[in-house]
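Let me begin by presenting the structure, written as structure tokens, before commenting on it.
Shown next, in the form of structure tokens:
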């Protein structure tokens with residue numbers, strides 16, 4: 001299933017064009033389904049529990065032979081590794097700090113990969129969302145940060161994050177772009193024609 005349908009993507013692109021029409025900023029939007037598959041975390045949990053549980057059973061008096069102990073550890077690891085891969089369970093095993101750290105890393109990689117650090121006047125802006133982590137971040141280049149403090153984007157980020165949590169990502173994008181456009185128009189009003197970077201929503205599915 002697509003993260004946003006074609007109509008929603010077109011609405012996001014139109015909002016970007018409108019924001020860029022009134023300011024010197026270059027906006028790029030990126031939507032990721034998930035920042036990481038986190039394969040190593042369920043496996044780590046399965047490994048630790050598979051080592052501890054048979055030993056705990058043995059300690060409590062249910063004596064196991066060495067062969068039984070090793071067999072139960074292997075069986076436990078396989079069972080838990082499969083169980084912990086279920087999305088509903090995996091989400092509870094991954095600390096929020098880890099999920100946000102991975103999403104933040106992906107946002108910074110996208111800022112570089114989309115060449116937002118090479119725009120004329122250093123006026124690149126990235127609006128990044130990772131749906132699985134319910135993570136939103138706005139990154140800007142020097143030409144914008146010199147005119148608008150990074151703290152000014154936090155309210156917009158918070159409102160967008162609430163939209164993502166409700167499954168209203170498309171509406172969140174449009175509201176975020178519009179709000180950013182208003183700030184950019186005041187701080188960096190349009191002084192030239194430009195279209196260095198794509199206006200369409202970039203989807204990492």
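Numbering (UniProt numbering), first residue to last: 1 to 205.
Each residue gets a CB set at the ideal place from its N, CA and C atoms; glycine is no exception.
- In the structure shown, residue 29 falls within a strand segment according to DSSP collapsed to helix, strand and coil.
- Residue 201 counts as buried, since at least 16 other C-beta atoms from the protein chains shown sit within 10 angstroms of its C-beta.
- For residue 124, the enclosing beta strand (DSSP E) covers residues 124-130.
- Looking at the DSSP output, residue 112 bridges to nothing.
- With a threshold of 16 other beta carbon atoms within 10 Å, residue 25 meets it and is buried.
- Residue pairing of residue 98 in beta bridges, as defined by DSSP: absent, with no partner found.
- Inter-segment contact for the region 84-103 and the region 173-187 is absent: fewer than three beta-carbon pairs are separated by less than 8 Å.
- Its Cα nearest to that of residue 187, the residue 145 stands out among 196, 156, 159 and 145.
- Nearest neighbour of residue 194 by Cα position, chosen from 203, 18 and 31, turns out to be 18.
- Around residue 4, the same chain offers 170 as residues with beta carbons nearer than 6 Å, after the five sequence neighbours per side are excluded.
- DSSP, reduced to helix, strand and coil, places residue 83 within a helical segment of the structure shown.
- Looking only at 127, 49, 123 and 122, the smallest Cα-Cα distance to residue 109 is reached by 127.
- Within the same chain, Cβ atoms closer than 7 Å to the Cβ of residue 183 are found at 148 and 152, the five residues on either side in sequence being excluded.
- Following the DSSP letters along the chain, one finds residue 18 inside the alpha helix (DSSP H) bounded by residues 6-21.
- The three-state reading of DSSP puts residue 149 in coil, since its state is none of H, G, I, E or B.
- Around the beta carbon of residue 154, fewer than 16 other beta carbons sit within 10 angstroms, so the residue counts as exposed.
- Under DSSP, residue 175 shares a beta bridge with no residue.
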